[in-house]
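All remarks here apply to the structure that follows.
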Amino acid sequence: MSKKRLGLRQVKLLFVKLVLCLFLISVAWVLLYRWVAPPATLHMVKRRAEAGVEGKENPAIRYEFVSLEEMSDQLPLAVVASEDQLFLQHYGFDFDAIMDAFQRNQKGGNIRGGSTISQQVAKNVFLWHGRSYFRKALEAYFTLLIEVLWGKERIIEVYLNIAEMGDGVFGVEAASQKFFKKPAKDVGRQQAALLAAVLPNPIKYSAQNPSGYVYTRRGRIARAMGRLGGTTYIKEILPVTDEE
1 MSKKRLGLRQ
11 VKLLFVKLVL
21 CLFLISVAWV
31 LLYRWVAPPA
41 TLHMVKRRAE
51 AGVEGKENPA
61 IRYEFVSLEE
71 MSDQLPLAVV
81 ASEDQLFLQH
91 YGFDFDAIMD
101 AFQRNQKGGN
111 IRGGSTISQQ
121 VAKNVFLWHG
131 RSYFRKALEA
141 YFTLLIEVLW
151 GKERIIEVYL
161 NIAEMGDGVF
171 GVEAASQKFF
181 KKPAKDVGRQ
191 QAALLAAVLP
201 NPIKYSAQNP
211 SGYVYTRRGR
221 IARAMGRLGG
231 TTYIKEILPV
241 TDEE
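Start counting the sequence shown at 1; every next residue gets the next number (UniProt numbering).
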């Protein structure tokens, strides 16, 4: 009996050490990306592999990380207006939106998500795409970590850099250069709203050749940007300028 107790104790100790080690690694990983741009994400790798399998002429991924200072203020405003208007108020989760999405999905039809910008960053930077409960639990864990260790300004900066905005086009700089022939710093309200309009499905919807539906979404997002009060609404996460 004593040997069994000793063996069980060793297993428990090993388990505790493993959990602690994984926790420390995850914290270190998140802290690293607090200051270092993610070199790539699993979704980027997957999209590159898919492009290769499909034999595309140019399967390379377009991705160029830029700071908030190198972006138009209209860009963070557009994605907040479109994706997560309570971004500055919540702590990573919008439970009302989650419940609303759950109730709508129970009725059938198109699957709707209730993910905040923070949750999308946690998923896209640290995890893989999927619908398992295990992955959702990890998503919630990393969401809490980035909310605590990064803060809203870094979360929105990373989101605007790693979100897919076209077929193999990731981030506002790559998208602005490809679709508008200008840097992200020079993007105006309507163009920012257009990029936000394709975010639900950047493969189906195009900012380069917008459909009527995309134009309609762009209009709704641009109006929402105005109703929120313009960039004043997100002033606390915008870079401090010399004028201030």
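Note that CB positions come from ideal geometry on N, CA and C, so glycine has one too. On a predicted model such as this, the values are computed, not experimentally measured, just so you know.
Near residue i, which residues of its chain fall below 6 Å by C-beta distance, leaving aside the five closest residues on each side in sequence?
i	result
Phe87	Val80 and Ile117
Val158	Val121
Glu244	Its pLDDT being 47, under 50, Glu244 is placed unreliably by the model, and the measurement read from it follows with that caveat. Once the five neighbours on either side are set aside, Glu244 has no close Cβ partner at all.
Gln208	Phe179
Confirm, please, whether the CB-CB distance from residue j to residue i is below 8 Å.
i	j	result
Met165	Pro210	no
Ala78	Ala196	yes
Leu144	Leu127	no
Gly171	Leu160	yes
Arg189	Ala163	no
Thr82	Leu228	Residue identity check: residue 82 is Ser in the sequence provided, not Thr. No; because the gap between Cβ atoms is not below 8 Å, this pair is not in contact.
Asp73	Thr231	yes
Leu32	Pro239	no
Run the CB neighbour count on residue i, radius 10 Å, all protein chains shown included, and call it buried at 16 or more, exposed below.
i	result
His129	exposed
Tyr63	buried
Tyr91	exposed
Leu75	buried
Asn58	exposed
residue 246	Look at the range of the chain in this structure, 1 to 244, and you will see that residue 246 is not part of it.
Glu152	Inspection of the sequence shows that residue 152 is occupied by Lys rather than by Glu. Burial call: buried.
Val45	exposed
Ala215	What sits at residue 215 in the sequence shown is Tyr, not Ala. Exposed, because fewer than 16 other Cβ atoms sit within 10 Å of the Cβ of Tyr215.
Lys181	exposed
Met225	buried
Arg34	exposed
Leu194	buried
Thr41	buried
Ser132	exposed
Val16	exposed
Tyr233	buried
Ile237	buried
Ile156	buried
Tyr205	buried
Ala60	exposed
Asp94	buried
Arg47	buried
Val19	exposed
Gln10	exposed
Gly66	Residue 66 is actually Val in this sequence, not Gly. The residue is buried, with at least 16 neighbouring Cβ atoms inside 10 Å.
Gln191	buried
Val27	exposed
Gln119	buried
For residue i, which residues does DSSP report across the bridge?
i	result
Glu153	Partner(s): none; Glu153 has no beta bridge.
Glu164	Phe170
Arg62	Val169
In chain order, what residues of the same chain have a beta carbon less than 8 Å from the beta carbon of residue i, not counting five sequence neighbours either side?
i	result
Glu70	Glu173, Pro183, Ala184 and Lys185
Val30	Phe126, Phe142, Leu145, Ile146, Leu149 and Trp150
Gly52	Pro59
Val187	Met71, Ser72, Gln74, Leu75, Val172, Ser176, Phe180 and Leu195
Lys12	none
Tyr213	Tyr205
Which same chain residues end up closer than 7 Å to residue i when comparing Cβ atoms and leaving out the 5 residues on each side of it in sequence?
i	result
Arg217	Ala197
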